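Just below is one structure, and these are the notes that go with it.
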Amino acid sequence: MQRISADKWYQTRRLDDDVTAISEPFIQEFYRCNVWHVRGRDRDMLVDSGMGVVSLREYVPLVTERDLIAVASHTHFDHIGCHHEFECRAVHSAEADLLANPTRQNTLADPYVTDDIFDALPPEPYCSTCYAVKKAPATRILEDGDVIDLGDRVFEVIHTPGHSPGGIALYEKATEILFSGDILYDGPLIEDTYHSNADDYLASMERLLKIPARIVHGGHFPSFSGQRYRQLITDWLNEKQKTI
Ligand SMILES: [Zn+2]
Ligand SMILES: [Zn+2]
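Start counting the sequence shown at 69; every next residue gets the next number (our numbering).
Rendered as C-alpha cells:
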C-alpha cells in the first residue's frame, strides 16, 4: 500500500467559534477520529489527539501556538495517540488508568488496527502489528460538572459513560457547542466494546437529550445541527424502546 509523507498526514479545517477540525484523511472514515482544536484567550483546548502515527505537534503547528490542555473524550486508540506530546492532559477518572497504562487490548488497537483501516499508510517506520499507544498519564482528572476554563470561554464536563466508562462530552453554554465524543455522532455507534455498558448508554442518551446543543462536533463523521442532534437521540431511544 502507498505511504503518505508526514507533512500530508493531517488536514485542518477552520470552523466557526474559533474551532478547528483536524483529521487524518488517509484513515477510513469509520475509524477516523475527529480532533478538535478550540482557541481561548488564555489557553487552547484540544479534544482528542488522533491515532498518534504522525506527530501532531510537529505537523500541525496550530497546537503549539499557546498553552494547551489536551482532553481525552475517552481512551480508545484513535482518540489518544498524540496525548503523550502534550504537557497538560486531562481525562475522566474512570479512564485515567487507561491513559497511563495503554495496551493494544484496552485501547481497542486490538482488534481494530490493521492495514485495512487505511486508504494509504502512515510514513515509515509505521507498522500495524507493532502499533501501540504511548503512555500519557493525566495531569488533571476530570469528573462530571468540572469546568475547563480557557480564559474567555468555559466548557462543562458531562460524564457520558456507555460507549466506554470514562466517556465525556464538553459543553459550552455561551455558544451551545457540544463536543460529544463517541457516545453520539452521525454514523454507526459502537455499543459493544469490552467496557461498554447498555444501561449507562441509555442514561447518557437521556441526559444528552436535555442539553440545548446548537452545533455538535462528534468523535467521528461530520458535525451536525442541534435539530439533527435531537433527532439522532430520539431515533436511538425509540429503537431501544422497540427492543425492550
Ligand atoms: Zn471510542
Ligand atoms: Zn472513536
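All C-beta atoms, glycine included, are put in the ideal place defined by N, C-alpha and C.
Note that the structure is a prediction, hence the values are computed from the model and not measured.
Which residue marks the beginning of the alpha helix (DSSP H) containing residue i, and which one marks its end?
i: G294; result: G294 to T311
i: I148; result: F145 to I148
i: A177; result: A177 to Y180
i: R125; result: L124 to Y127
Only counting the same chain, and skipping five residues up and downstream in sequence, which positions put a Cβ closer than 8 Å to that of residue i?
i: E211; result: H160, S161, V225 and H227
i: P280; result: E244 and G294
Would you identify the three-state DSSP class for residue i, choosing helix, strand or coil?
i: A162; result: helix
i: F223; result: strand
i: H142; result: coil
i: F98; result: helix
i: D84; result: coil
i: L252; result: coil
i: L257; result: coil
Looking only at its own chain, which residues have a Cβ that is under 7 Å from the Cβ of residue i, when we skip the five neighbours before and after it?
i: R134; result: R111 and D112
i: G108; result: L218, G219, D220 and R221
How far does the beta strand (DSSP E) with residue i in it extend, from its first residue to its last?
i: A138; result: L136 to V139
i: M273; result: Where M273 is concerned, there is no enclosing beta strand (DSSP E), although the alpha helix (DSSP H) it sits in stretches over A266 to L277.
i: V215; result: V215 to D217
i: M69; result: M69 -> no beta strand (DSSP E), and no H or E assigned at all.
Leaving aside the five residues before and after residue i along the sequence, list all residues of the same chain whose C-beta is less than 6 Å from its C-beta, in chain order.
i: H152; result: K202 and A204
i: T171; result: none
Taking C-alpha atoms, which residue in the options lies nearest to residue i?
i: A237; options: R275, D267 and A266; result: R275
i: F154; options: R125, Y194, D84 and S291; result: R125
i: H147; options: A164, G118 and V131; result: G118
i: D183; options: Y99, W104, D303 and M273; result: Y99
With hydrogens ignored, establish whether the beta-carbon of residue i is closer than 6 Å to any heavy atom of ligand 4.
i: G230; result: Among the ligands in the structure shown, ligand 4 does not appear; only ligand 1 and ligand 2 can be found there.
contact_flag[the stretch 92-112, the stretch 292-304] where n(CB pairs < 8 Å) is 3 or more | Output reads no: the stretch 292-304 does not touch the stretch 92-112.
May I ask you to verify whether the stretch 69-76 touches the stretch 183-193, counting CB pairs closer than 8 Å and requiring at least 3?
-> Segments in contact, yes.
Hey, is the stretch 193-200 in contact with the stretch 77-92, meaning 3+ C-beta pairs nearer than 8 Å?
-> Three or more Cβ pairs closer than 8 Å define a contact, and the stretch 193-200 falls short of that threshold against the stretch 77-92.
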